[in-house]
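**Student:**
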Amino acid sequence: MGSTKPTQLEILKILKQNEGNFVSGVGLAERLGISRPGVWKHINRLREMGYEIQSQSRLGYRLVAVPDSLAREEIVPHLKTQWLAHSYHYLRTIGSTNDHALLLAVEGASHGTLVVAEEQTKGRGRLRREWISYPNRGIYLSILLRNPLPVRVAPQLAYIGSLALVKMLYEEFGITASIKWPNDVLINGRKAAGILTETQSDQDFTRFSVMGIGINVNHSREEITGPFRYPATSIAIEVGFAVKRQRVLLQFLSQFERDYDHFLQKGLSVMLPEFEAHSEVLGKIITVVCGDREIMGRAQGFTPEGALLLLREDGLQETVWAGDVSHVEGAV
Ligand code: BT5
30 MGSTKPTQLE
40 ILKILKQNEG
50 NFVSGVGLAE
60 RLGISRPGVW
70 KHINRLREMG
80 YEIQSQSRLG
90 YRLVAVPDSL
100 AREEIVPHLK
110 TQWLAHSYHY
120 LRTIGSTNDH
130 ALLLAVEGAS
140 HGTLVVAEEQ
150 TKGRGRLRRE
160 WISYPNRGIY
170 LSILLRNPLP
180 VRVAPQLAYI
190 GSLALVKMLY
200 EEFGITASIK
210 WPNDVLINGR
220 KAAGILTETQ
230 SDQDFTRFSV
240 MGIGINVNHS
250 REEITGPFRY
260 PATSIAIEVG
270 FAVKRQRVLL
280 QFLSQFERDY
290 DHFLQKGLSV
300 MLPEFEAHSE
310 VLGKIITVVC
320 GDREIMGRAQ
330 GFTPEGALLL
340 LREDGLQETV
350 WAGDVSHVEG
360 AV
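Its first residue numbered 30, the sequence shown is counted upward by one per residue in the working numbering.
1. From the DSSP output, which residues share a beta bridge with residue 84?
2. Tell me the rounded alpha-carbon separation between residue 171 and residue 78.
3. By how many angstroms is the C-alpha of residue 134 removed from the C-alpha of residue 144?
4. Looking at ligand 1, does it come within less than 8 Å of residue 218, judged from the CB to the closest heavy atom?
5. Are there 16 or more other CB atoms within 10 angstroms of the CB of residue 351, so buried, or fewer, so exposed?
6. Could you name the residues that DSSP lists as bridge partners for residue 257?
7. Where DSSP assigns a beta bridge to residue 353, which residues make up the other side?
8. Tell me which residue opens and which closes the alpha helix (DSSP H) that residue 290 is part of.
9. I need the straight-line Cα distance from residue 105 to residue 326, nearest angstrom please.
10. Identify which residue in 259, 95, 63 and 107 has its Cα closest to the Cα of residue 279.
11. Can you tell me where the beta strand (DSSP E) with residue 99 in it begins and where it stops?
12. Looking at C-beta atoms only, is the number of pairs between the segment 229 to 249 and the segment 176 to 193 that lie closer than 8 Å three or more?
13. Given this structure, state the Cα-to-Cα distance separating residue 86 from residue 162, to the nearest angstrom.
14. Can you give me the Cβ contacts of residue 255 inside the same chain, cut-off strictly under 8 Å, excluding the 5 residues immediately before and after it?
15. Run the CB neighbour count on residue 346, radius 10 Å, all protein chains shown included, and call it buried at 16 or more, exposed below.
16. Whose C-beta lies closer than 7 Å to the C-beta of residue 39 among residues of the same chain, with five residues either side of it excluded?
17. If you reduce the DSSP assignment to three classes, tell me which class residue 78 lands in.
18. Considering only DSSP beta bridges, list what residue 330 is partnered with.
19. Do residue 146 and residue 110 count as a contact pair if the criterion is CB distance below 9 Å?
20. Taking the alpha-carbon of residue 45 as reference, which of 91, 202 and 64 has the nearest alpha-carbon?
21. With 16 as the cutoff for other CB atoms within 10 Å, does residue 259 come out buried or exposed?
22. Can you tell me the Cα-Cα spacing of residue 112 and residue 89, whole angstroms?
23. Whose C-beta lies closer than 7 Å to the C-beta of residue 333 among residues of the same chain, with five residues either side of it excluded?
24. Nearest-angstrom Cα distance between residue 310 and residue 357?
25. For residue 94, does the count of other Cβ atoms within 10 angstroms reach 16, so buried, or fall short, so exposed?
26. Helix, strand or coil for residue 164? Go by DSSP, reduced to three states.
27. Quick check on the burial criterion: 16 or more other C-beta atoms within 10 angstroms. Buried or exposed for residue 30?
28. Among 149, 130 and 174, which one has its Cα closest to the Cα of residue 293?
29. Please check the pair residue 55 and residue 167, which I expect to be a contact at CB under 8 Å, by giving their CB distance rounded to whole angstroms.
30. Buried or exposed: where does residue 199 fall if 16 or more other Cβ atoms within 10 Å of its Cβ makes it buried?
31. For the beta strand (DSSP E) containing residue 242, name the first residue and the last one.
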């Protein structure tokens, strides 16, 4: 687990309140009721966690820089959401955030619970494929959603997640990303994020859904060399500089909450024009793999439920509910 000790959190709070200024070691020791070597020990622990803390005899300690960590203390105080991520579960390393969120769901965790990790050792894609989750570079998160949805509607959550990510990347970073139906976000034609939605249902309605998303943020080219089913990239590779993951996470959560609430009120069909506007495949000749079938055709549009309408070479139109787009005309 990735929890920071209460005394360390208190020291951090005091250093942040005095950002730019030195805080005396004696003062810290007195305030916290611990010895000066005790303060020093906690300061060193914070340094190991990536906090840059300057120390000078007689002056004390000064916070110089905070790490780009997704720990609770760096995210929760800055949340702008109404209901999302207020229950915040941070893990330095975990098998899969989706597995952890599914477990929390069964134990009764609340709507909007967020699980986020710095590293996954068993990150999953669809059909149990592997999701490479390089430590401290990406964002690996799962959101627990408790609104009962008709079972056939649940896959649409992936569209809402990818739409929120694409919109956020543009608004916050000026990045033009696109959605490769049904669950990928591409930048310059390469996969930068993938979504995995898992649900538990009672008959026709979901009891809960977990929407997991993996975002390649600061990976170097070496860190995301495949072999992958589709060319991969990271935000940093495409924009040419490192991006604060904290900002990506906070802004994504705000955008997803807005889009999810809109989706609940109005349904996917109202959001379809936006989804189409950001589509990587619309109007292009693509190849879709559905089980052991491969269908080639022009992506003509989406049904109000989000299925893909494909005009095949033989002139017949086919409605594809699930599959993998393995090739897009003119792709990298
Ligand atoms: C996905 O599956 O794209 C969904 C990925 C969801 C990952 C998140 S991370 C948080 C949460 N917890 C989990 O355990 N999972 C979710 P799919 O469309 O099936 O694509 C999987 C394929 O993408 C793999 O077979 C690889 O070819 C490729 N791939 C693996 N890691 C990648 C990466 N980091 N970037 C780009 N492509 C990758």
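Backbone N, C-alpha and C fix where the C-beta goes; we use that ideal spot for every residue, glycine too.
Remember, predicted model here, so these are calculated numbers, not experimental data.
**Tutor:** Let me lay it out:
1. Here residue 84 corresponds to residue number 55 of the sequence shown, with the count starting at 1. Bridge partners of residue 84: 90.
2. Start at 1 with the first residue of the sequence shown, and residue 171 comes out as number 142. Start at 1 with the first residue of the sequence shown, and residue 78 comes out as number 49. The alpha-carbon of residue 171 is positioned some 23 Å away from that of residue 78.
3. Counting from 1 along the sequence shown, the entry for residue 144 is found at position 115. Counting from 1 along the sequence shown, the entry for residue 134 is found at position 105. Spanning the two alpha carbons is a distance of roughly 11 Å.
4. One-based indexing of the sequence shown puts residue 218 at position 189. Answer for residue 218: no, Cβ out of range of ligand 1.
5. Stepping through the sequence shown from its first residue, residue 351 is reached at position 322. The residue is exposed, with fewer than 16 neighbouring Cβ atoms inside 10 Å.
6. Looking up residue 257 in the sequence shown gives position 228. For residue 257, which the question treats as bridged, DSSP gives no partner whatsoever.
7. Position 324 of the sequence shown, counting from 1, holds the residue named residue 353. 318.
8. Taking the sequence shown and counting its residues from 1, the one referred to as residue 290 is at position 261. Element bounds for residue 290: 274 to 295.
9. Reading the sequence shown from its first residue, position 76 is the one you call residue 105. Reading the sequence shown from its first residue, position 297 is the one you call residue 326. Cα atoms of residue 105 and residue 326: separation of roughly 46 Å, rounded to the nearest angstrom.
10. In the sequence shown, the residue the question calls residue 279 occupies position 250. Looking at the Cα atoms, 107 is the closest of the given residues.
11. The residue given as residue 99 occupies position 70 in the sequence shown. Premise fails: residue 99 is in no beta strand (DSSP E) and is neither H nor E.
12. Touching, per the Cβ criterion.
13. In the sequence shown, residue 86 corresponds to position 57, counting from 1. In the sequence shown, residue 162 corresponds to position 133, counting from 1. Distance from the CA atom of residue 86 to the CA atom of residue 162, rounded to whole angstroms, is 41 Å.
14. Start at 1 with the first residue of the sequence shown, and residue 255 comes out as number 226. Residues 261 of the same chain have their beta carbon placed closer than 8 Å to that of residue 255, with the five preceding and five following residues left out of the count.
15. Taking the sequence shown and counting its residues from 1, one reaches residue 346 at position 317. Around the CB of residue 346, fewer than 16 other CB atoms lie within 10 Å, so the residue is classed as exposed.
16. As a working note, residue 39 is residue 10 in the sequence shown. Same-chain partners within the cutoff: 61.
17. For the purposes of this step, residue 78 is taken as residue 49 along the sequence shown, with counting starting at 1. DSSP places residue 78 in coil when its eight states are reduced to three.
18. Translated into the one-based positions of the sequence shown, residue 330 becomes position 301. Residue 330 pairs with 338.
19. Here the question's residue 110 lines up with position 81 in the sequence shown. Here the question's residue 146 lines up with position 117 in the sequence shown. Cβ atoms of residue 110 and residue 146: not closer than 9 Å.
20. Along the sequence shown, read from residue 1 onward, the residue named residue 45 stands at position 16. Nearest C-alpha to residue 45: 91.
21. If you number the sequence shown from 1, residue 259 lands on position 230. Looking at its Cβ environment, which holds 16 or more other Cβ atoms inside 10 Å, residue 259 is buried.
22. Counted from its first residue, the sequence shown places residue 112 at position 83. Counted from its first residue, the sequence shown places residue 89 at position 60. When rounded, the distance between both Cα atoms is 40 Å.
23. In the sequence shown, counting from the first residue as 1, residue 333 sits at position 304. Only 297, 298 and 301 meet the Cβ criterion.
24. Within the sequence shown, residue 310 is the residue found at index 281, counting from 1. Within the sequence shown, residue 357 is the residue found at index 328, counting from 1. So the alpha carbons of these two residues sit roughly 7 Å apart.
25. The residue labelled residue 94 in the question sits at position 65 within the sequence shown. Within 10 angstroms of the beta-carbon of residue 94 lie fewer than 16 other beta-carbons, which makes it exposed.
26. Residue numbering aside, residue 164 sits at position 135 when the sequence shown is read from its first letter. Residue 164 falls in the coil class under three-state DSSP.
27. As a position in the sequence shown, residue 30 is number 1, starting the count at 1. Caution is warranted here: a pLDDT of 44 is assigned to residue 30, below 50, making its placement in the model unreliable, and no coordinate value can be reported.
28. Locating residue 293 in the sequence shown gives position 264, counting from the first residue. Closest in C-alpha terms to residue 293, from the list 149, 130 and 174, comes 174.
29. Here residue 55 corresponds to residue number 26 of the sequence shown, with the count starting at 1. Here residue 167 corresponds to residue number 138 of the sequence shown, with the count starting at 1. Actually they are not in contact, since the Cβ atoms of residue 55 and residue 167 sit about 42 Å apart, beyond 8 Å.
30. Within the sequence shown, numbered from 1, the residue matching residue 199 stands at position 170. Classification of residue 199: exposed, given that the 10 Å Cβ count is below 16.
31. Stepping through the sequence shown from its first residue, residue 242 is reached at position 213. Per DSSP, the unbroken beta strand (DSSP E) holding residue 242 starts and ends at 234 to 244.
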